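Visitor:
There are 2 protein chains.
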Amino acid sequence: MADIQLYDATLRDGMGGGGMSLTAEEKLRVVQALDALGVHMIEAGFPASNPKEQRLFELLAEQDLHAAEVVAFGMTRRRGVDADGDQGLRVLAECFAPVCTLVGKTSVLHVEKVVRASREENLRMIGDSVAFLVRAGKRVLFDAEHFFDGLALEAGYALDCLRAARDAGAERLVLCDTNGGSLPPQIRAAFAIVGEALGPAPLGIHTHDDSGCAVANTLAGVEAGATQVQGTINGIGERTGNANLVTIIADLQLKMGHQLLPAERLARLTETAHFVDELLNRAPDPAQPYVGKHAFAHKAGMHAAGVRTDAQTFEHVDPAVVGNDRDVLISELSGRGAIVEKAAGAGIKLPAEVSDAFTRRVVERVKELEHQGFQFEAADGSFELLMRKEAGEYEPLFRLESWRVLVEKRADGKVETEATVKIWLGGERFVRTAEGNGPVNALDNALRDAIVEIHPHLRDIELVNFKVRILDERKGTGAVTRVLIDASDGHDVWGSIGVSENLIAASWDALVDSLEYGMQPGRATAPKAQVRAPGTVQGTSL
Amino acid sequence: MADIQLYDATLRDGMGGGGMSLTAEEKLRVVQALDALGVHMIEAGFPASNPKEQRLFELLAEQDLHAAEVVAFGMTRRRGVDADGDQGLRVLAECFAPVCTLVGKTSVLHVEKVVRASREENLRMIGDSVAFLVRAGKRVLFDAEHFFDGLALEAGYALDCLRAARDAGAERLVLCDTNGGSLPPQIRAAFAIVGEALGPAPLGIHTHDDSGCAVANTLAGVEAGATQVQGTINGIGERTGNANLVTIIADLQLKMGHQLLPAERLARLTETAHFVDELLNRAPDPAQPYVGKHAFAHKAGMHAAGVRTDAQTFEHVDPAVVGNDRDVLISELSGRGAIVEKAAGAGIKLPAEVSDAFTRRVVERVKELEHQGFQFEAADGSFELLMRKEAGEYEPLFRLESWRVLVEKRADGKVETEATVKIWLGGERFVRTAEGNGPVNALDNALRDAIVEIHPHLRDIELVNFKVRILDERKGTGAVTRVLIDASDGHDVWGSIGVSENLIAASWDALVDSLEYGMQPGRATAPKAQVRAPGTVQGTSL
Numbered sequence: 316m317a318d319i320q321l322y323d324a325t326l327r328d329g330m331g332g333g334g335m336s337l338t339a340e341e342k343l344r345v346v347q348a349l350d351a352l353g354v355h356m357i358e359a360g361f362p363a364s365n366p367k368e369q370r371l372f373e374l375l376a377e378q379d380l381h382a383a384e385v386v387a388f389g390m391t392r393r394r395g396v397d398a399d400g401d402q403g404l405r406v407l408a409e410c411f412a413p414v415c416t417l418v419g420k421t422s423v424l425h426v427e428k429v430v431r432a433s434r435e436e437n438l439r440m441i442g443d444s445v446a447f448l449v450r451a452g453k454r455v456l457f458d459a460e461h462f463f464d465g466l467a468l469e470a471g472y473a474l475d476c477l478r479a480a481r482d483a484g485a486e487r488l489v490l491c492d493t494n495g496g497s498l499p500p501q502i503r504a505a506f507a508i509v510g511e512a513l514g515p516a517p518l519g520i521h522t523h524d525d526s527g528c529a530v531a532n533t534l535a536g537v538e539a540g541a542t543q544v545q546g547t548i549n550g551i552g553e554r555t556g557n558a559n560l561v562t563i564i565a566d567l568q569l570k571m572g573h574q575l576l577p578a579e580r581l582a583r584l585t586e587t588a589h590f591v592d593e594l595l596n597r598a599p600d601p602a603q604p605y606v607g608k609h610a611f612a613h614k615a616g617m618h619a620a621g622v623r624t625d626a627q628t629f630e631h632v633d634p635a636v637v638g639n640d641r642d643v644l645i646s647e648l649s650g651r652g653a654i655v656e657k658a659a660g661a662g663i664k665l666p667a668e669v670s671d672a673f674t675r676r677v678v679e680r681v682k683e684l685e686h687q688g689f690q691f692e693a694a695d696g697s698f699e700l701l702m703r704k705e706a707g708e709y710e711p712l713f714r715l716e717s718w719r720v721l722v723e724k725r726a727d728g729k730v731e732t733e734a735t736v737k738i739w740l741g742g743e744r745f746v747r748t749a750e751g752n753g754p755v756n757a758l759d760n761a762l763r764d765a766i767v768e769i770h771p772h773l774r775d776i777e778l779v780n781f782k783v784r785i786l787d788e789r790k791g792t793g794a795v796t797r798v799l800i801d802a803s804d805g806h807d808v809w810g811s812i813g814v815s816e817n818l819i820a821a822s823w824d825a826l827v828d829s830l831e832y833g834m835q836p837g838r839a840t841a842p843k844a845q846v847r848a849p850g851t852v853q854g855t856s857l
Numbered sequence: 316m317a318d319i320q321l322y323d324a325t326l327r328d329g330m331g332g333g334g335m336s337l338t339a340e341e342k343l344r345v346v347q348a349l350d351a352l353g354v355h356m357i358e359a360g361f362p363a364s365n366p367k368e369q370r371l372f373e374l375l376a377e378q379d380l381h382a383a384e385v386v387a388f389g390m391t392r393r394r395g396v397d398a399d400g401d402q403g404l405r406v407l408a409e410c411f412a413p414v415c416t417l418v419g420k421t422s423v424l425h426v427e428k429v430v431r432a433s434r435e436e437n438l439r440m441i442g443d444s445v446a447f448l449v450r451a452g453k454r455v456l457f458d459a460e461h462f463f464d465g466l467a468l469e470a471g472y473a474l475d476c477l478r479a480a481r482d483a484g485a486e487r488l489v490l491c492d493t494n495g496g497s498l499p500p501q502i503r504a505a506f507a508i509v510g511e512a513l514g515p516a517p518l519g520i521h522t523h524d525d526s527g528c529a530v531a532n533t534l535a536g537v538e539a540g541a542t543q544v545q546g547t548i549n550g551i552g553e554r555t556g557n558a559n560l561v562t563i564i565a566d567l568q569l570k571m572g573h574q575l576l577p578a579e580r581l582a583r584l585t586e587t588a589h590f591v592d593e594l595l596n597r598a599p600d601p602a603q604p605y606v607g608k609h610a611f612a613h614k615a616g617m618h619a620a621g622v623r624t625d626a627q628t629f630e631h632v633d634p635a636v637v638g639n640d641r642d643v644l645i646s647e648l649s650g651r652g653a654i655v656e657k658a659a660g661a662g663i664k665l666p667a668e669v670s671d672a673f674t675r676r677v678v679e680r681v682k683e684l685e686h687q688g689f690q691f692e693a694a695d696g697s698f699e700l701l702m703r704k705e706a707g708e709y710e711p712l713f714r715l716e717s718w719r720v721l722v723e724k725r726a727d728g729k730v731e732t733e734a735t736v737k738i739w740l741g742g743e744r745f746v747r748t749a750e751g752n753g754p755v756n757a758l759d760n761a762l763r764d765a766i767v768e769i770h771p772h773l774r775d776i777e778l779v780n781f782k783v784r785i786l787d788e789r790k791g792t793g794a795v796t797r798v799l800i801d802a803s804d805g806h807d808v809w810g811s812i813g814v815s816e817n818l819i820a821a822s823w824d825a826l827v828d829s830l831e832y833g834m835q836p837g838r839a840t841a842p843k844a845q846v847r848a849p850g851t852v853q854g855t856s857l
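This is the structure we're talking about:
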């Protein structure tokens with residue numbers, strides 16, 4: 316039995332962030348993923364705020380969840396009506412969810428300026444609403460909105476609100492830093508005041524990241540006695556986001572000694588985090604603690620060497636524990652050990668007697684290319700192709716004869732783009748012309764048109780990001796253009812790079828690497844997360 | 316006098332993140348922006364690790380900074396050599412920077428497994444190195460690497476390392492959570508132990524975000540006695556990043572009562588944060604505390620209404636205090652005062668009676684364009700043109716009829732690029748075709764060929780930087796391409812922007828703005844920064 320309850324608010328509070336939207340079916344998949352991770356309570360939303368929420372609750376009612384309880388979320392009754400006359404509370408009472416979270420005001424500022432109720436009326440709104448749902452057979456959590464601000468403003472009243480909820484039968488009081496402005500010392504102090512005023516009561520902590528301290532505030536809450544933590548996957552949410560439950564889980568279990576999840580579930584943390592991002596069509600943050608692509612990346616020579624000697628030297632936890640991977644960033648500074656590790660990760664098998672010569676050649680080649688302006692840290696796909704070439708395991712997707720792009724701004728103001736590629740594939744010559752919204756898109760369209768009959772899997776690969784920079788740091792002959800493309804097949808995302816004096820030529824090289832990497836027969840195909848392809852930018856802008 | 320010293324590590328530690336790269340001239344612009352913000356110490360890097368760093372130190376040596384001191388960064392001497400025989404220390408001793416930060420080992424694990432020195436030897440390496448630089452007239456900061464891990468492993472030795480640095484004359488001991496695995500209670504406990512063991516000594520705190528607590532750990536350090544905070548702009552850095560100095564500044568000043576920056580400088584926080592992101596070609600994080608585009612965005616109906624009634628109800632601080640804005644628009648330009656100021660700076664003279672209507676129109680236009688994906692923080696040239704248009708002071712350089720670009724990779728492997736422009740200038744029609752090393756360069760050549768006889772000053776304008784990013788945040792029709800170009804006339808550097816579905820069309824728009832801005836007759840010619848024109852990329856790569 317976990318000593319701290321994990322409460323996920325991704326599907327309700329998390330959806331307040333700009334551009335967040337999931338269908339009922341997608342929300343169901345999030346619930347299943349959270350249940351598989353081992354989250355204890357999942358806030359699904361208000362059962363009837365719109366048809367999508369209704370549909371979600373219908374779907375959820377039929378689910379057999381492993382461990383998680385579904386929570387319905389609503390507000391205390393409106394001013395001036397009885398609890399059983401409040402439509403929202405009736406919906407909560409009648410839904411299948413065993414647990415209801417009710418949010419209510421605890422700050423006099425909000426009671427006066429937002430609800431415009433008397434202080435006594437607000438206390439009755441809290442008590443009546445909780446009692447009504449308890450009578451309906453629900454277990455009730457009380458979300459004390461703006462609690463920390465309210466406590467600072469008028470402590471006695473904020474505490475009275477908590478008492479009203481507790482006395483009406485709420486099983487837990489959740490102290491909410493709704494505006495996200497608190498720092499850890501305030502959180503600790505507030506929990507001490509509540510403990511003193513109310514005696515032992517099950518408490519929870521719910522924070523937002525407006526001061527950049529949402530995770531630390533949550534941990535401070537736990538230190539100070541909270542036995543439930545509320546947060547969202549990857550910290551999504553309105554403004555600066557909610558507390559990141561992913562980080563909190565790892566911190567509580569790996570740093571603070573709370574036994575929340577069995578090891579095999581904790582190892583799903585990275586996969587779960589990326590899955591939710593992909594469903595939401597968000598690029599996973601490579602710098603996210605524990606689960607980001609770069610969270611265990613090592614660059615500087617000494618770091619990488621240290622990690623190989625003893626991972627503890629430069630890693631705060633073992634990445635495998637949270638289902639992440641060590642990533643050694645390749646640069647001319649990196650030693651041979653890093654390359655051996657990368658080759659092994661790519662499934663390139665080398666007999667011991669050639670391994671040394673291979674790594675030497677790869678190091679040389681990387682140095683040479685970095686001197687030309689290449690950089691492989693964000694181009695893992697291109698780097699793997701480079702290794703395959705050196706290992707003799709590379710199969711070109713096609714042989715290029717020529718390509719041509721025409722972009723024209725006509726006198727009527729319209730912009731037209733057209734590309735022609737001439738390639739050889741399986742002994743046959745293909746000439747294809749395609750339009751596009753930009754030169755790279757037109758080249759991509761023409762190239763795919765030529766290849767896709769023989770390689771239909773190419774359809775699954777989408778270009779998801781494109782970056783261009785001018786490098787003038789190259790020694791000697793002057794500046795070059797560097798293009799980075801990220802591509803995805805719906806499971807995996809990889810980077811490729813092209814460097815040339817010519818922007819279009821650099822883009823072409825990166826484009827070809829993107830597709831070739833995605834089509835390499837030996838490529839590790841095990842999906843990291845069962846996800847849809849992220850939103851494509853292909854066809855719209857390159 | 317600020318009671319807490321702000322130490323920025325963006326240009327050194329921050330550059331450890333994957334894909335981070337700035338030219339020496341761009342780094343200089345970061346230094347100027349940090350100085351304008353009011354940061355006290357700026358870690359510029361090691362003065363000779365490569366020609367780029369050497370060039371940066373040459374540029375910095377000529378700078379008159381307002382408040383910031385430039386810090387050179389290096390390591391304690393190598394094992395087995397004298398301090399004055401250590402090449403790295405000699406470079407530090409000879410560089411112009413008044414302050415040097417030396418990083419040294421303080422954890423027995425690293426001494427044994429990474430440096431492979433004896434414990435005594437490591438203590439001597441620290442003491443000798445600090446003493447050598449102090450003798451060379453430097454003020455020395457000691458970065459105690461892996462201090463918190465080292466303290467947990469063997470407290471006595473970690474403290475001896477601090478003593479060695481202090482006794483050799485280090486003016487400050489900076490406790491570093493190098494692996495980023497600590498939580499605030501550990502930081503507090505460690506500071507208490509150090510305070511007890513060493514007595515009063517100026518301490519600093521340097522953290523990383525691997526546990527999602529870098530900011531809170533820094534604040535905990537300050538609570539526990541640190542009087543210097545180290546961090547990077549936007550928290551960039553290796554793995555999960557360094558502590559975010561932007562958040563720390565706001566928390567310390569607005570939440571913890573430290574007077575770090577005058578109000579008018581604190582109001583540059585948002586601008587500075589976005590400027591650094593743009594230079595790095597990173598999308599600013601909309602959810603970043605204080606400065607993110609969504610940091611003060613209100614979505615839920617009740618929140619928005621509450622904010623209108625009393626902003627305190629749903630805002631933890633006033634966004635204007637950090638130069639941010641409620642709702643949509645983040646840019647510093649959106650404030651009317653800032654626009655009046657910008658207009659004056661551009662030499663646009665407005666009678667008082669139209670000034671109000673003018674600023675309103677500019678704000679509206681900026682909002683509209685930002686909605687389309689424009690962003691003017693790094694495009695001062697385009698913004699000034701926008702103001703001139705609204706003020707009726709804009710003179711187009713020419714009238715476009717059409718343009719066309721052809722890029723071809725021929726069967727012999729050669730890449731050829733050709734552009735044709737058709738324009739009207741002084742009542743005459745010009746049709747010019749030119750080759751180039753890339754499509755933008757070819758367009759630029761053809762356009763200049765047409766214009767330069769009438770405007771010979773055009774020859775002095777060079778394109779010095781070019782960045783492309785795909786934006787998929789635009790509502791509605793999908794992704795767009797944003798191109799940023801920096802141009803220079805040898806005195807001044809200005810930025811321009813183009814946004815379009817088509818990469819070449821966006822580049823054309825930015826190119827035209829670059830040239831038009833440079834040719835505006837009323838343009839203020841006083842150089843903004845005393846830089847030599849950075850190495851040109853024109854003619855070689857676009």
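Residue numbers (our numbering), protein chains in the order written: chain E, 316 to 857; chain L, 316 to 857. Every residue, glycine too, gets a C-beta built ideally from N, C-alpha and C. This structure is a prediction, so every number in the text was calculated from the model and none was measured.
Can you list the residues of chain L that asparagine 780 of chain E reaches, using a CB-CB cut of under 8 Å?
Guide: Ile785
Visitor: Comparing the C-beta of proline 604 of chain L with each C-beta of chain A, is any distance below 7 Å?
Guide: The chain inventory of the structure shown lacks chain A, comprising the protein chains E and L.
Visitor: With 16 other CB atoms within 10 Å as the buried threshold, where does proline 599 of chain L fall?
Guide: buried
Visitor: Any contact of the segment 368 to 386 of chain E with the segment 402 to 418 of chain E, i.e. 3+ C-beta pairs under 8 Å?
Guide: Enough Cβ pairs lie closer than 8 Å, so yes.
Visitor: I'd like to confirm the pairing. Which residues does DSSP put opposite serine 697 of chain E in its beta bridges?
Guide: Paired residues: none, contrary to the question.
Visitor: Relative to the C-alpha of valine 677 of chain L, which candidate in L/Leu700, L/Gly660, L/Val755 and L/Ala432 has its C-alpha closest?
Guide: L/Leu700
Visitor: Write down the C-beta distance between phenylalanine 673 of chain L and aspartate 640 of chain L rounded to the nearest angstrom, noting that I regard them as a contact closer than 8 Å.
Guide: Incorrect: roughly 19 Å between the Cβ atoms, too far for contact.
Visitor: Pick helix, strand or coil for glutamine 320 of chain L, following the three-state DSSP scheme.
Guide: strand
Visitor: Alpha carbon to alpha carbon, what distance is there between valine 346 of chain E and leucine 326 of chain E?
Guide: 9 Å
Visitor: Taking valine 677 of chain L as the query, report the chain E residues whose CB atoms sit under 9 Å from its CB, ordered along the chain.
Guide: Within chain E, no residue comes near valine 677 of chain L; the closest Cβ sits about 25 Å away, beyond 9 Å.
Visitor: Identify the residues that DSSP records as bridge partners of arginine 392 of chain L: which are they?
Guide: Per DSSP, none; premise fails for arginine 392 of chain L.
Visitor: Mind checking aspartate 397 of chain E: buried by the 16 CB within 10 Å criterion, or exposed?
Guide: Exposed.
Visitor: Run through chain L and tell me which residues come within less than 8 Å of alanine 802 of chain E, C-beta to C-beta.
Guide: Residues of chain L passing the Cβ test: none, with the nearest at roughly 13 Å.
Visitor: Beta carbons nearer than 8 Å to chain L: which residues of the segment 514 to 542 of chain E have them?
Guide: Asp524, Asp525, Ser526, Gly527, Cys528, Val530, Ala531, Asn532, Leu534, Ala535 and Glu538
Visitor: Could you check where the alpha helix (DSSP H) with histidine 806 of chain L kicks off and where it finishes?
Guide: Run containing histidine 806 of chain L: none; DSSP gives neither H nor E here.
Visitor: Exposed or buried, which one is isoleucine 769 of chain E when buried takes at least 16 other CB atoms within 10 Å?
Guide: exposed
Visitor: Of all the alpha helix (DSSP H) runs that stay within the bounds of the segment 557 to 609 of chain L, which reach a length of 4 or more residues?
Guide: Fully enclosed alpha helix (DSSP H) runs of 4 or longer: 560 to 565, 578 to 581 and 584 to 594.
Visitor: What are the partner residues of alanine 387 of chain L, as DSSP defines its beta bridges?
Guide: L/Gly360 and L/Cys415
Visitor: Along chain L, in chain order, which residues have C-beta atoms closer than 9 Å to that of proline 366 of chain E?
Guide: Those do not exist, as proline 366 of chain E stays about 19 Å from chain L at its closest Cβ, beyond 9 Å.
Visitor: Where does the unbroken beta strand (DSSP E) through aspartate 492 of chain E begin, and where does it stop?
Guide: In this chain, the beta strand (DSSP E) harbouring aspartate 492 of chain E covers 487 to 492.
Visitor: Is any beta-carbon of chain E found at less than 7 Å from that of isoleucine 819 of chain L?
Guide: yes
Visitor: Ends of the beta strand (DSSP E) at threonine 338 of chain E?
Guide: Taken as a continuous stretch (DSSP letters only), threonine 338 of chain E belongs to no beta strand (DSSP E), as it is neither H nor E.
Visitor: Around the Cβ of threonine 338 of chain E, are there at least 16 other Cβ atoms within 10 angstroms (buried) or fewer (exposed)?
Guide: Exposed: under 16 other Cβ atoms inside 10 Å.
Visitor: How about arginine 487 of chain L: is its C-beta nearer than 7 Å to some C-beta of chain E?
Guide: Contact with chain E is absent for arginine 487 of chain L, since none of that chain's Cβ atoms lies less than 7 Å from the residue's Cβ.
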